[in-house]
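Asker:
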Amino acid sequence: MQTALEIKFDSLEHYLSNLLALHLEKGHQIAVWRKPKSQFLQILIDKSGKAKKVSPFLEELPAGFIVHPFEDQEDKKAYYLEASSYFKIDLNIPLEDQKESIDAISIIKTNTESKTPINKSLFSSGENGLRESYFECSKQDFVELVEKGIQAIENGELNKIVPAKLKKIELTKEFDLVNSIKSLIHAYPNAFINFFHIPEVGSWLGASPEVLIQTKGDLFSTMALAGTQKAVGDNPLKNTAWTQKEIEEQALVSRYIVDCFKKIRLREYDEIGPKTVLAGNLLHLRSDFKVNMKGTNFPQLGSVMLELLHPTSAVCGMPRKEAFDFLRTHEKFDRSLFAGYIGPVNIEEETSIYVNLRTARLMDGFAILYAGAGVTEDSDPEKEWEETEMKCDIIGQHLNLQKKL
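For the sequence shown, the UniProt record's numbering assigns the number 1 to the initial residue and increments by one for each residue that follows.
1. Report the three-state DSSP secondary structure of A314 (helix, strand or coil).
2. Do Q229 and T240 have their beta-carbon atoms positioned less than 8 Å apart in this structure?
3. Is F324 helix, strand or coil when you go by DSSP?
4. Can you find the residues in the same chain that come closer than 6 Å, C-beta to C-beta, to H268, ignoring five residues on each side of it along the sequence?
5. Who are Q140's beta bridge partners in DSSP?
6. Can you name, in chain order, every residue of its own chain whose Cβ lies under 6 Å from the Cβ of V277, other than the five neighbours on each side?
7. In the DSSP assignment, find the beta strand (DSSP E) that holds I169 and state where it starts and stops.
8. Please state whether DSSP places E127 in a helix, a strand or coil.
9. In whole angstroms, what is the alpha-carbon distance linking H330 and A152?
10. Quick check on DSSP: helix, strand or coil for N155?
11. Counting beta carbon pairs with one atom in the region 303–312 and one in the region 260–267, are three or more of them shorter than 8 Å?
12. Measuring alpha carbon to alpha carbon, tell me which of I394, I213, I247 and K173 ends up nearest S352.
13. Between V162 and V355, is the Cβ-Cβ spacing less than 8 Å?
14. How many Å lie between E387 and E248 at the Cα?
15. Below 8 Å CB to CB, which residues in the same chain sit around F366 once its five sequence neighbours on both sides are set aside?
16. Within 10 Å of its beta-carbon, does A104 have 16 or more other beta-carbons around it, so buried, or fewer, so exposed?
17. Excluding the 5 residues preceding and the 5 following D75 in the sequence, name in chain order all residues of the same chain whose CB lies nearer than 7 Å to its CB.
18. In whole angstroms, what is the alpha-carbon distance linking W204 and E384?
19. Grab me the residues of A224's own chain with a C-beta within less than 6 Å of its C-beta, minus the 5 sequence neighbours each way, in chain order.
20. I need the boundaries of the beta strand (DSSP E) containing I272, first residue and last residue.
21. Check for me: the beta strand (DSSP E) holding T359 runs from which residue to which?
22. So is E246 buried or exposed if we call it buried at 16+ other beta carbons inside 10 Å?
23. Of the residues Q29, I193 and E154, which one's Cα is nearest the Cα of S38?
24. Verify whether the separation of the beta carbon atoms of I395 and G206 is less than 8 Å.
25. DSSP three-state call for L58: helix, strand or coil?
26. Evaluate T312 with the Cβ neighbour count: other Cβ atoms within 10 Å of its Cβ, from every protein chain shown; 16 or more gives buried, anything less gives exposed.
27. Out of E349, G317 and L369, state which residue places its alpha-carbon closest to the alpha-carbon of L337.
28. What is the DSSP secondary structure of S203, reduced to helix, strand or coil?
29. Three-state secondary structure (DSSP) at Y188?
30. Helix, strand or coil for I105? Go by DSSP, reduced to three states.
31. May I have the straight-line CA-CA distance separating D90 from S180, to the nearest angstrom?
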């Protein structure tokens, strides 16, 4: 029997479209991703036929892909796609030259291409395990939310708050998932490009710029990412001037990470930054934190910091409990998986979990885009609205693309 690759595919897009369509048609769970600055497209398929939930003790989990909403669930668990099949494709090598390595993993065996359009299976989701709310935030709604946040900060109730909005855009009949994934990969080399589908939860597409936690060998790392500007000019990294508001916003996130280290009495860490980084057409301030887990005798640091960090002050605010309560009271929609965390766990002896930012939920006929903005006492509500529009556009402009002939 032929493998999918033995069919005469004339491009990676054709191969990937067929692979996704076949597994979506079978009701399988799928995750596809490209790590920042990586040349590999990685694909994981869970053929179990049902959504699995696990406690996020990362060191004990089998190879898989984790998906956690913004809010903690009652059972304190996350969705988990376990790797029935996993393989990767080198984007710098023609697909036909990788036939042996892909065949060796034996991911699909079929002698026919899928007869079901990919979009039909993509949107055929069962009952959603998350609260549903598609309240589209108007400019006035968001500006008023920011103003309430500034007032709470001035009253001494908060140090920082990160209000969010959602935006609905139409998906045309020409929408093509693989074309959108390909476009994101080319446009954002420094982002975590991801697509995942869990029938009970839905289909999500994103390009996250922010690592939540990463472990590889004995090294643990995380980052503080905040402050946003539009990238302008031929060399935006050198031409950027940050305002005091943006510098302080990023410093709050860094201090939050340091406070988490202090809670677990971890003093041996390296802090690098802040420095200006490019994420798509936006600039951010970023500080990197690194810990030698063997040297500090802390092999479970990944799981411990995951619990302490989420949701970070970059997506929620400070103090965390008060900020979270403010958002639950004043935001008019459920964030669902936006500002939660996602990523591969124990794949090739590495775990890379990202904050689920610059993301869209794909629905039948439309997509829901999500974006937030860090608000401090120096914030301008109009500028915060503009920032969320720019963030929504990072994903929105890569949907409804026309295929190149």
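Backbone N, C-alpha and C define an ideal beta-carbon position, used for all residues, glycine too.
Answerer: If we stick to the structure as given:
1. Counting from one through the sequence shown, the residue named residue 314 turns up at place 314. Here DSSP, grouped into helix, strand and coil, assigns A314 to coil.
2. To locate residue 240, count along the sequence shown from 1; it is residue 240. To locate residue 229, count along the sequence shown from 1; it is residue 229. A contact, by the Cβ cut-off of 8 Å.
3. Locating residue 324 in the sequence shown gives position 324, counting from the first residue. In the structure shown, F324 adopts helical secondary structure according to DSSP, grouped into three states.
4. Mapped onto the sequence shown, residue 268 falls at position 268. Note that residue 268 is Glu in the sequence shown here, rather than His. Cβ neighbours of E268 beyond the five flanking positions: T296.
5. On the sequence shown, residue 140 is found 140 positions in, with the first residue counted as 1. DSSP output for Q140 lists no bridge partner at all.
6. Position 277 of the sequence shown holds residue 277. Cβ neighbours of V277 beyond the five flanking positions: H284 and R286.
7. The residue given as residue 169 occupies position 169 in the sequence shown. Element bounds for I169: A164 to E170.
8. Sequence index remark: in the sequence shown, residue 127 carries index 127 (1-based). Reliability of the predicted coordinates at E127 is poor, the pLDDT of 43 falling under 50, and the value obtained from them is presented with this limitation in mind. Three-state result, E127: coil.
9. Position 330 of the sequence shown, counted from the start, is the residue given in the question as residue 330. Position 152 of the sequence shown, counted from the start, is the residue given in the question as residue 152. One C-alpha to the other measures close to 12 Å.
10. Position 155 of the sequence shown, counted from the start, is the residue given in the question as residue 155. N155: coil per DSSP, three-state reduction.
11. They touch, by the three-pair rule.
12. The residue given as residue 352 occupies position 352 in the sequence shown. Cα-wise, what sits closest to S352 is I213.
13. Within the sequence shown, numbered from 1, the residue matching residue 162 stands at position 162. Within the sequence shown, numbered from 1, the residue matching residue 355 stands at position 355. No; because the gap between Cβ atoms is not below 8 Å, this pair is not in contact.
14. Indexing the sequence shown from 1 puts residue 387 at position 387. Indexing the sequence shown from 1 puts residue 248 at position 248. Approximately 17 Å, taken between the alpha carbons.
15. Taking the sequence shown and counting its residues from 1, one reaches residue 366 at position 366. In its chain, beyond the 5 residues on either side, K168, I169, E170 and L171 have a beta carbon closer than 8 Å to the beta carbon of F366.
16. Counted from its first residue, the sequence shown places residue 104 at position 104. Confidence at A104 is low in this model, with a pLDDT of 41, below 50, so the placement of that residue should be treated as unreliable; the coordinate-derived value is given next. That one is exposed.
17. What you label residue 75 is simply residue 75 of the sequence shown in a count that begins at 1. Same-chain partners within the cutoff: K53.
18. Position 204 of the sequence shown, counted from the start, is the residue given in the question as residue 204. Position 384 of the sequence shown, counted from the start, is the residue given in the question as residue 384. Approximately 25 Å, taken between the alpha carbons.
19. As a position in the sequence shown, residue 224 is number 224, starting the count at 1. Counting only Cβ-Cβ distances below 6 Å, and skipping sequence neighbours, we find V253, S254, I257 and S287.
20. Translated into the one-based positions of the sequence shown, residue 272 becomes position 272. From DSSP, the beta strand (DSSP E) with I272 extends over D270 to A279.
21. Taking the sequence shown and counting its residues from 1, the one referred to as residue 359 is at position 359. Taken as a continuous stretch (DSSP letters only), the beta strand (DSSP E) holding T359 covers T359 to L362.
22. For the purposes of this step, residue 246 is identified with residue 246 of the sequence shown, where counting begins at 1. Buried is the call here.
23. On the sequence shown, residue 38 is found 38 positions in, with the first residue counted as 1. Just measuring C-alpha positions, the residue of Q29, I193 and E154 sitting nearest S38 is I193.
24. Position 395 of the sequence shown, counted from the first residue, corresponds to residue 395. Position 206 of the sequence shown, counted from the first residue, corresponds to residue 206. The criterion of a C-beta distance shorter than 8 Å is satisfied by I395 and G206.
25. Stepping through the sequence shown from its first residue, residue 58 is reached at position 58. Assigned with DSSP and collapsed to three states, L58 falls in helix.
26. Translated into the one-based positions of the sequence shown, residue 312 becomes position 312. It is buried - the Cβ of T312 has at least 16 other Cβ atoms within 10 Å.
27. Here the question's residue 337 lines up with position 337 in the sequence shown. Nearest C-alpha to L337: L369.
28. Residue numbering aside, residue 203 sits at position 203 when the sequence shown is read from its first letter. In the structure shown, S203 sits in a strand (DSSP, three-state: E or B).
29. Counting from one through the sequence shown, the residue named residue 188 turns up at place 188. The answer is coil: DSSP assigns Y188 none of H, G, I, E or B.
30. Taking the sequence shown and counting its residues from 1, the one referred to as residue 105 is at position 105. The pLDDT assigned to I105 is 43, lower than 50, so where the model puts this residue is not dependable; a value taken from the coordinates is nonetheless given after this. Three-state DSSP puts I105 in a helix.
31. Locating residue 90 in the sequence shown gives position 90, where the first residue counts as 1. Locating residue 180 in the sequence shown gives position 180, where the first residue counts as 1. Near 18 Å, if we compare the C-alpha coordinates of S180 and D90.
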